[in-house]
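Visitor: Read in numbering that gives the first Met the number 0, the sequence shown has 79 at position 80, and its numbers run on one by one without any break. Have a look at this one before I ask anything.
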Amino acid sequence: MNRLNIDRILSNGIFPHPFPTPQLVETHLSYILLGKSFAYKFKKEIKYSFLDFSTLEQRKYFCDREVLLNNRYTKGLYLGVVPVRQHESEIWVDGIEGKVIDYAIKMKRLKDDRQMHRMLEHHQVTQKHIGDIASTLRKFHQQTTVIHRPFDRAVFASRFNDLQSLSDFIGTALGSASANIIANAVRTSDTFLKEHQGLFSKRVDDGWVRDCHGDLHSRNIFLYARPILFDCIEFNDEFRQIDILDELAFFCMDLEAAGFDELSKSFMTFYFAKDQAGFGKEEQMLFTYYKGYRANVRAKVNALRAMQAEGPVRQQNLADVKKYLDLLDQYMSEGWNHQPV
Numbered sequence: 000m001n002r003l004n005i006d007r008i009l010s011n012g013i014f015p016h017p018f019p020t021p022q023l024v025e026t027h028l029s030y031i032l033l034g035k036s037f038a039y040k041f042k043k044e045i046k047y048s049f050l051d052f053s054t055l056e057q058r059k060y061f062c063d064r065e066v067l068l069n070n071r072y073t074k075g076l077y078l079g080v081v082p083v084r085q086h087e088s089e090i091w092v093d094g095i096e097g098k099v100i101d102y103a104i105k106m107k108r109l110k111d112d113r114q115m116h117r118m119l120e121h122h123q124v125t126q127k128h129i130g131d132i133a134s135t136l137r138k139f140h141q142q143t144t145v146i147h148r149p150f151d152r153a154v155f156a157s158r159f160n161d162l163q164s165l166s167d168f169i170g171t172a173l174g175s176a177s178a179n180i181i182a183n184a185v186r187t188s189d190t191f192l193k194e195h196q197g198l199f200s201k202r203v204d205d206g207w208v209r210d211c212h213g214d215l216h217s218r219n220i221f222l223y224a225r226p227i228l229f230d231c232i233e234f235n236d237e238f239r240q241i242d243i244l245d246e247l248a249f250f251c252m253d254l255e256a257a258g259f260d261e262l263s264k265s266f267m268t269f270y271f272a273k274d275q276a277g278f279g280k281e282e283q284m285l286f287t288y289y290k291g292y293r294a295n296v297r298a299k300v301n302a303l304r305a306m307q308a309e310g311p312v313r314q315q316n317l318a319d320v321k322k323y324l325d326l327l328d329q330y331m332s333e334g335w336n337h338q339p340v
C-alpha cells in the first residue's frame, strides 16, 4: 500500500460496515486504520535487506503469514485478510467488485487503555498480570515448533555489531561516552560469543531455539482477563525463530527500560516457577547477554529515527538512544564474562 491510496481511503474509501473518520497510525512497515470496532492493517510497498513487501503477491503472502502466526496464541483478534479493490474512481476495502490493488488484515479493535505500555505508565500492571503473561508465554513456548538450525556465531556477531555503524552519529549527538559504550560492547560481545559458542550450540541441541513471537514488548500486549499477545514478526523467520531466553530477555529489558525492574524479576520467577533448574547460572548469564543485545537493537532503532527527525522528536529519540545504551552498559557490568565458562 502506498500513501496516495491510504489518503484516498481516508477521504472517501468504502467499507462493508460503518467506519467513520478512521484514525491513521503509521509505522515504518505499515499503515493502520483504527475505527470504533475494527482496525485494518496495510503493509507498505517497501523492500529492505531483511524484508520484501514490494509486490502485491508478497504483501498478500505476508498478510496471510501474519494472521496464521499470530493465531497460534491469540484467537478472535485477527479476523482475516481482505482485498482492497478499485472500482471506477472508488476504493473499496473488503469489496467484491473491481480490480484488486492491495490487501489488508482485518482486526478487532481493542481498547487503547488496555495496551500494556499505557497501563505501565499509569502503574496499573499488577503481579497477577505479570503471572498471566508468564503462564501464557510458557504454554506457547512449550507447544511451538523446535528449530534445529545450527548456531552461526558470525551471523549473530554481525547483528550485534551493526550498532557500530552509527557510532560516529551517536558520538557527535551524545558525546564520546556513548560512543565508548558501543566500542566496549562490540569487543565484549565478540569475546563472549567466542568463549561461549558451545553454550549457544548446546541450547540449539537441547531444543531451546523455537518458533517464538520475536517482538515481545509491552506495546504488543493487551491486558484483559487473559493477556492478548499480537504483532509477532512474520516477515523474517530467523528473527522469530530464536532462543526462548532471547524472547524473555526482550520482554524483561522492555520492562527495565521503563523502570519496572521488580516486574521483570517477578516475570522470570513466574516463568520458571515449575522449572527452576531451567534458569541456572549459565542460563542467567546468557539471559543477561540477550538483554544487552535487545538494548543494543533498541538503541540502533532510535538512532536511525533520530537521523530522520527534527526538533523535539529528534531530542526524544536521542534520549531513548542514551537510555538503551546505559542499559547495555549496565548489562555488561552485570557479568557477561564473569561467570565460569
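Each residue gets a CB set at the ideal place from its N, CA and C atoms; glycine is no exception. From a predicted model like this one, the values you see are computed outputs, not experimental measurements.
Hey, which unbroken runs of the beta strand (DSSP E) at 3 residues or more fall wholly within the region 217-273?
Guide: Correct list: 220-222, 226-228 and 240-242.
Visitor: ILE45: which of PHE37, GLN57, SER36 and CYS211 sits nearest, CA to CA?
Guide: The sequence position of residue 45 within the sequence shown is 46, counting from 1. It is GLN57.
Visitor: Measure the CB-CB distance between TYR102 and VAL66 and report whether it falls below 8 Å.
Guide: On the sequence shown, position 103 is the one that residue 102 refers to. On the sequence shown, position 67 is the one that residue 66 refers to. No, the Cβ-Cβ distance between TYR102 and VAL66 is not below 8 Å.
Visitor: Can you tell which of GLY75, TYR60 and ARG71 has the C-alpha that lies nearest to the C-alpha of PRO82?
Guide: For this step, residue 82 is matched to residue 83 along the sequence shown. Among GLY75, TYR60 and ARG71, the Cα nearest to that of PRO82 belongs to TYR60.
Visitor: Tell me the start and end of each unbroken beta strand (DSSP E) in the region 30-118 that is at least 3 residues and wholly inside, in chain order.
Guide: Listed in chain order, they are 37-42, 77-86, 89-92 and 98-107.
Visitor: If you reduce the DSSP assignment to three classes, tell me which class GLU309 lands in.
Guide: Walking along the sequence shown from the start, residue 309 turns up at place 310. Reduced to three states, the DSSP call for GLU309 is coil.
Visitor: Could you give the residue range of the alpha helix (DSSP H) that holds GLU194?
Guide: Position 195 of the sequence shown holds residue 194. Taken as a continuous stretch (DSSP letters only), the alpha helix (DSSP H) holding GLU194 covers 175-194.
Visitor: Counting pairs of beta carbons, one from the region 112-132 and one from the region 164-179, are three or more of them closer than 8 Å?
Guide: No contact exists between the region 112-132 and the region 164-179.
Visitor: Using only alpha-carbon positions, find the residue among ASP230, GLY174 and GLY12 that is nearest to THR26.
Guide: Numbered from its first residue, the sequence shown carries residue 26 at position 27. Nearest option by C-alpha distance: ASP230.
Visitor: If you run the structure through DSSP and keep just helix, strand and coil, what is ARG209?
Guide: As a first step, residue 209 is located in the sequence shown; it is residue number 210 there, counting from the start. Three-state result, ARG209: strand.
Visitor: DSSP three-state label for ALA28, please.
Guide: Here residue 28 refers to the residue found at position 29 when the sequence shown is read from its first residue. Looking at the sequence itself, residue 28 is Leu, so the reference to Ala does not match. Coil.
Visitor: Check LEU326 in the structure and name its three-state DSSP category.
Guide: If you number the sequence shown from 1, residue 326 lands on position 327. Helix at LEU326.
Visitor: Mapping the DSSP letters down to three states, classify VAL340 as helix, strand or coil.
Guide: On the sequence shown, residue 340 is found 341 positions in, with the first residue counted as 1. Here VAL340 scores only 34 on pLDDT, less than 50, and its place in the model should not be relied on; the value that follows carries that caveat. Reduced to three states, the DSSP call for VAL340 is coil.
Visitor: Within the continuous alpha helix (DSSP H) that includes ILE129, where are the two ends?
Guide: Taking the sequence shown and counting its residues from 1, the one referred to as residue 129 is at position 130. Segment 126-142, the alpha helix (DSSP H) holding ILE129.
Visitor: Is TRP169 helix, strand or coil when you go by DSSP?
Guide: The sequence position of residue 169 within the sequence shown is 170, counting from 1. Residue 169 is actually Ile in this sequence, not Trp. Helix, per DSSP.
Visitor: Exposed or buried, what is TYR39 when buried is set at 16 or more other beta-carbons lying within 10 Å of its beta-carbon?
Guide: Residue numbering aside, residue 39 sits at position 40 when the sequence shown is read from its first letter. So TYR39 counts as buried.
Visitor: How is the alpha helix (DSSP H) around ASN4 delimited, first residue to last?
Guide: In the sequence shown, the residue the question calls residue 4 occupies position 5. From DSSP, the alpha helix (DSSP H) with ASN4 extends over 2-11.
Visitor: Give me the residue from LYS322, ILE146, LEU324 and ILE180 with the minimum Cα distance to ASP242.
Guide: If you number the sequence shown from 1, residue 242 lands on position 243. When only C-alpha atoms are compared, the closest one is ILE146.
Visitor: Give the range of the alpha helix (DSSP H) segment to which ARG152 is assigned.
Guide: One-based indexing of the sequence shown puts residue 152 at position 153. Taken as a continuous stretch (DSSP letters only), the alpha helix (DSSP H) holding ARG152 covers 152-160.
Visitor: Is the distance from the Cβ of ASP214 to the Cβ of ILE232 below 8 Å?
Guide: The residue given as residue 214 occupies position 215 in the sequence shown. The residue given as residue 232 occupies position 233 in the sequence shown. Cβ distance < 8 Å, so ASP214 and ILE232 count as in contact.
Visitor: Are the CB atoms of ARG293 and PHE249 within a distance shorter than 8 Å?
Guide: In the sequence shown, counting from the first residue as 1, residue 249 sits at position 250. In the sequence shown, counting from the first residue as 1, residue 293 sits at position 294. Going by C-beta atoms, PHE249 is nearer than 8 Å to ARG293.
Visitor: Return the CA-CA distance between ALA153 and ARG186, expressed in angstroms with no decimal places.
Guide: For the purposes of this step, residue 153 is taken as the residue at position 154 of the sequence shown. For the purposes of this step, residue 186 is taken as the residue at position 187 of the sequence shown. Near 14 Å, if we compare the C-alpha coordinates of ARG186 and ALA153.
Visitor: With a CB to CB cut of under 7 Å and the five nearest residues on each side skipped, what residues in its chain are close to ARG313?
Guide: As a first step, residue 313 must be located in the sequence shown, where it is residue number 314. ALA305, listed in sequence order.
Visitor: Compare the C-beta of ASP167 with all C-beta atoms of chain D and state if any pair is closer than 8 Å.
Guide: Annotation note: the requested chain D is absent from the structure, which comprises a single protein chain.
Visitor: Quick one: grab the DSSP three-state call for LEU303.
Guide: Working through the sequence shown from its first residue, we reach residue 303 at position 304. Helix at LEU303.
Visitor: Skipping 5 residues on each side, what residues in its chain have a beta carbon closer than 6 Å to that of PRO149?
Guide: As a first step, residue 149 is located in the sequence shown; it is residue number 150 there, counting from the start. Closer than 6 Å at the Cβ level, and outside the excluded window around PRO149, lies no residue.
Visitor: Express the C-alpha separation of ASN1 and CYS62 in angstroms, rounding to a whole number.
Guide: Indexing the sequence shown from 1 puts residue 62 at position 63. Indexing the sequence shown from 1 puts residue 1 at position 2. Approximately 16 Å, taken between the alpha carbons.
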